[in-house]
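**Student:**
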Amino acid sequence: REKVQSVFRRLSTDPVGIRVHDVIIRGNAKTRDELIEAEVADLLRSATTVQDLLSAAADASARLRGLDVFEAVNITLDAGPPELPGTTNVVIEVVEPAIPLSGNAGVYSKPEAKAWSVEGAVKWKNLAGYADIWDASVAYGFDQTTEVGVGVSLPRFKSIPTPLMARASLLSQDWMKFSSYKERLLGLSLGLLSTRHHDLSYNLTWRSLTDPSRLASTSIRRQLGHNLLSALKYTYKIDQRDSHIRPTKGYAFLSSSQVGGLWDNKGLKFFRQEFDVRAAVPFGFWNAALNVGVGAGVILPLARGFMNSSTPVTDRFNLGGHNSPVCSLGGISSLLGFRTRGVGPTEPRRLVPGESEDGSPAVPGRDYLGGDLAVSAFADLSFDLPLKVLRDAGIHGHAFLTAGNLAKLSEGQYKNFSLDEFRRSFRSTAGVGIILPTKLFRVEVCFIFLCTKLQIMCCACLLTNKLVLLHLFQVNYCYILKQSQHDSGKTGIQFSFSSP
Numbered sequence: 019r020e021k022v023q024s025v026f027r028r029l030s031t032d033p034v035g036i037r038v039h040d041v042i043i044r045g046n047a048k049t050r051d052e053l054i055e056a057e058v059a060d061l062l063r064s065a066t067t068v069q070d071l072l073s074a075a076a077d078a079s080a081r082l083r084g085l086d087v088f089e090a091v092n093i094t095l096d097a098g099p100p101e102l103p104g105t106t107n108v109v110i111e112v113v114e115p116a117i118p119l120s121g122n123a124g125v126y127s128k129p130e131a132k133a134w135s136v137e138g139a140v141k142w143k144n145l146a147g148y149a150d151i152w153d154a155s156v157a158y159g160f161d162q163t164t165e166v167g168v169g170v171s172l173p174r175f176k177s178i179p180t181p182l183m184a185r186a187s188l189l190s191q192d193w194m195k196f197s198s199y200k201e202r203l204l205g206l207s208l209g210l211l212s213t214r215h216h217d218l219s220y221n222l223t224w225r226s227l228t229d230p231s232r233l234a235s236t237s238i239r240r241q242l243g244h245n246l247l248s249a250l251k252y253t254y255k256i257d258q259r260d261s262h263i264r265p266t267k268g269y270a271f272l273s274s275s276q277v278g279g280l281w282d283n284k285g286l287k288f289f290r291q292e293f294d295v296r297a298a299v300p301f302g303f304w305n306a307a308l309n310v311g312v313g314a315g316v317i318l319p320l321a322r323g324f325m326n327s328s329t330p331v332t333d334r335f336n337l338g339g340h341n342s343p344v345c346s347l348g349g350i351s352s353l354l355g356f357r358t359r360g361v362g363p364t365e366p367r368r369l370v371p372g373e374s375e376d377g378s379p380a381v382p383g384r385d386y387l388g389g390d391l392a393v394s395a396f397a398d399l400s401f402d403l404p405l406k407v408l409r410d411a412g413i414h415g416h417a418f419l420t421a422g423n424l425a426k427l428s429e430g431q432y433k434n435f436s437l438d439e440f441r442r443s444f445r446s447t448a449g450v451g452i453i454l455p456t457k458l459f460r461v462e463v464c465f466i467f468l469c470t471k472l473q474i475m476c477c478a479c480l481l482t483n484k485l486v487l488l489h490l491f492q493v494n495y496c497y498i499l500k501q502s503q504h505d506s507g508k509t510g511i512q513f514s515f516s517s518p
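Numbered per the numbering used here, the sequence shown spans residues 19 to 518.
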């Protein structure tokens, strides 16, 4: 016992020199030795002291667990050969799952679409021994979305040190209710670079837009048909917040750049740029923290005479929906109090000869076209509630402000753009609420006052690995106070059970 205490005292006071003689791997019946060595060997061998080696062993264990192909990882330090004093052998023991196959399934609904979907996925891990993960997924949406996809991901392959990913998918989406078109995508996505902060991907997609109703507006009809989209996308992301659910300190930044139409396809050559900045500031009382965020995006056509050309309607920015602006990062879409795609430029649909009950022509409705320029912002103040039982359960309150706007710049509309008018036409919301996080759900009960609405909102979000991933259950009472002429809002009680 005294010897052990002496060793601990020495480790806590002075660096103890050591050298890794060998890295021994055990338990990997299927996983290749070279993969494990490539992941952790250099990290372990670079340690020159016992303290550094203990830290490196912890990092190595985290790396191997992050491959998601082992049930357990144990790293021990053994004595090196007697003839080589001051050396150690690092023994890595991994436990591979007895059944490498896993799957999940669920039933979900889409925001405000009054349509449910059945979704399922199957994964086969480590099929080739390179920590490769093969997956197949299917989602069948009643009257809105259907998707089938297969893919494979590799943490590294041979001398390529970064993760690789390939995925083929077939996706059908119904936007008839909002924009009078149905979209079908057959695509191949390749992940070329993926690190902690950087991501580079290439997408090749055959896109088809149709209008079964034949009532689409002029702008939508111009884009109907088939196109081949070839796009390269780069994303830089840094997130130093202490939590994705209730951040109390830290900051986050995301920049996404996409160049579409690398092949010469008319109408699909564009440049798309997004920025998203977040910050959380603690106040020091009631565990209160102020979260603020600003997002901006622009999409521009790259064809000849580009400012008079059109941007793809499917790649424009849209605002609306009830997703939490605090939990998500990298999307200019959430604007509490407005319906999905319920904000921004619109155009009347085609007027087909027909009569209503009183003999007048039927009202054709309008298509939401999205915007080439988008700006959104929010401020959210979270705080503990006075009752201890609520604080112990993680239930807390918040007050928030959100705002956003869209504008069209393509097809010569930049000539009519006015910064003052863009600022004056911002939609905004304000409100207070209660958030109930659990191991399975994040529930929000919000009383929202908007420049446009008064809303009561109840949300339930399924959590996995501390991230808000799936469900929002909402009970809303909305009262329109002020909004732009064609914004989509509804006075009254609203119910929905949806995925963000």
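Glycine is no exception: its CB is placed at the ideal position from the N, C-alpha and C atoms.
Could you check which residue in 65, 413, 229 and 264 has the C-alpha nearest to that of residue 107?
**Tutor:** Closest option to residue 107, Cα to Cα, is 65.
**Student:** Determine the extent of the alpha helix (DSSP H) in which residue 440 is found, giving its start and end residues.
**Tutor:** Judged by DSSP secondary structure, residue 440 falls within the alpha helix (DSSP H) whose first and last residues are 437 to 442.
**Student:** Under 6 angstroms Cβ to Cβ from residue 173, same chain only, skipping five residues before and after it: list those, please.
**Tutor:** Its chain contains 85, 149 and 181 as the residues whose beta carbon lies nearer than 6 angstroms to that of residue 173, once the 5 sequence neighbours on both sides are disregarded; these appear in chain order.
**Student:** Alpha carbon to alpha carbon, how far is residue 306 from residue 189?
**Tutor:** 43 angstroms
**Student:** Put residue 269 into one of helix, strand or coil per three-state DSSP.
**Tutor:** strand
**Student:** I'd like to know whether the C-beta atoms of residue 224 and residue 246 end up nearer to each other than 8 angstroms.
**Tutor:** yes
**Student:** Assuming residue 256 is part of the beta strand (DSSP E), what are its boundary residues?
**Tutor:** 243 to 257
**Student:** I need the DSSP call for residue 225, collapsed to helix, strand or coil.
**Tutor:** strand
**Student:** Three or more C-beta pairs under 8 angstroms: does that hold for the segment 398 to 414 against the segment 434 to 447?
**Tutor:** no
**Student:** Give the DSSP bridge partners of residue 162, in chain order.
**Tutor:** None, per the DSSP bridge assignment.
**Student:** Leaving out five residues before and five after residue 136 in sequence, what residues of the same chain have Cβ atoms less than 6 angstroms from its Cβ?
**Tutor:** Result list for residue 136: 125 and 158, in chain order.
**Student:** Determine the direct distance from the alpha carbon of residue 441 to that of residue 143, and round the result to whole angstroms.
**Tutor:** One C-alpha to the other measures close to 51 angstroms.
**Student:** Give, in chain order, every unbroken run of the beta strand (DSSP E) that is at least 3 residues long and sits entirely within the segment 24 to 90.
**Tutor:** 37 to 44
**Student:** On the three-state DSSP scale, how would you describe residue 92?
**Tutor:** strand
**Student:** For residue 347 versus residue 272, is the C-beta spacing smaller than 8 angstroms?
**Tutor:** yes
**Student:** Please report the distance separating the alpha-carbon of residue 216 from that of residue 255.
**Tutor:** 7 angstroms
**Student:** Between which two residues does the beta strand (DSSP E) holding residue 384 run?
**Tutor:** 384 to 386
**Student:** Under a three-way DSSP split, which group does residue 331 fall into?
**Tutor:** Here residue 331 carries a helix assignment [DSSP, helix/strand/coil].
**Student:** Is any heavy atom of the ligand PLP found at a distance shorter than 7 angstroms from the C-beta of residue 435?
**Tutor:** As presented, the structure is devoid of all ligands, the ligand PLP included, so that no description of it is given.
**Student:** Do residue 119 and residue 87 have their C-beta atoms within less than 8 angstroms of each other?
**Tutor:** Pairing residue 119 with residue 87 gives a Cβ-Cβ distance that is not under 8 angstroms.
**Student:** Would you decide whether residue 32 is buried or exposed? Buried here means 16 or more other CB atoms lie within 10 Å of its CB.
**Tutor:** By the Cβ-count criterion, residue 32 is exposed, with fewer than 16 other Cβ atoms from all chains shown falling within 10 Å of its own Cβ.
**Student:** Alpha carbon to alpha carbon, how far is residue 352 from residue 312?
**Tutor:** 12 angstroms
**Student:** For residue 387, which residues of its own chain have a beta-carbon under 8 angstroms away from its beta-carbon, when the five flanking residues on both sides are left out?
**Tutor:** 197, 235, 237, 238, 331, 334, 362, 363, 364, 365 and 426
**Student:** For residue 295, which residues in the same chain have their Cβ closer than 6 angstroms to its Cβ, ignoring the five residues on either side in sequence?
**Tutor:** 271 and 312
**Student:** At the level of alpha carbons, what is the spacing between residue 110 and residue 82?
**Tutor:** Answer to the nearest angstrom: the Cα atoms are 10 angstroms apart.
**Student:** Can you look up residue 413 in the DSSP assignment and give me helix, strand or coil?
**Tutor:** coil
**Student:** Tell me whether the beta-carbon of residue 186 lies closer than 8 angstroms to the beta-carbon of residue 221.
**Tutor:** Between residue 186 and residue 221, the CB-CB gap reaches or exceeds 8 angstroms.
**Student:** Based on DSSP bridge pairs, tell me the residues matched to residue 138.
**Tutor:** 123 and 156
**Student:** From this set, 367, 290 and 355, which residue's C-alpha is nearest residue 505's C-alpha?
**Tutor:** 355
**Student:** Quick one: residues in its chain with C-beta nearer than 6 angstroms to the C-beta of residue 91, no 5 flanking neighbours on either side, listed in chain order?
**Tutor:** 79, 82, 83 and 112
**Student:** When we look at the beta-carbon of residue 101 and count the other beta-carbons within 10 Å, is it buried (16 or more) or exposed?
**Tutor:** exposed
**Student:** Determine the direct distance from the alpha carbon of residue 402 to that of residue 302, and round the result to whole angstroms.
**Tutor:** Answer to the nearest angstrom: the Cα atoms are 11 angstroms apart.
**Student:** Quick one: grab the DSSP three-state call for residue 480.
**Tutor:** Note on residue 480: pLDDT 32, under 50, position unreliable in the model; the coordinate value appears next. Of the three classes helix, strand and coil, the one that applies to residue 480 here is strand, per DSSP.
**Student:** If we call anything under 8 angstroms between Cβ atoms a contact, is residue 177 one with residue 202?
**Tutor:** For residue 177 and residue 202, no; Cβs fall outside 8 angstroms.
**Student:** Looking at the structure shown, is residue 407 part of a helix, part of a strand, or coil, going by DSSP?
**Tutor:** helix
**Student:** With DSSP as the reference, label residue 324 as helix, strand or coil.
**Tutor:** helix
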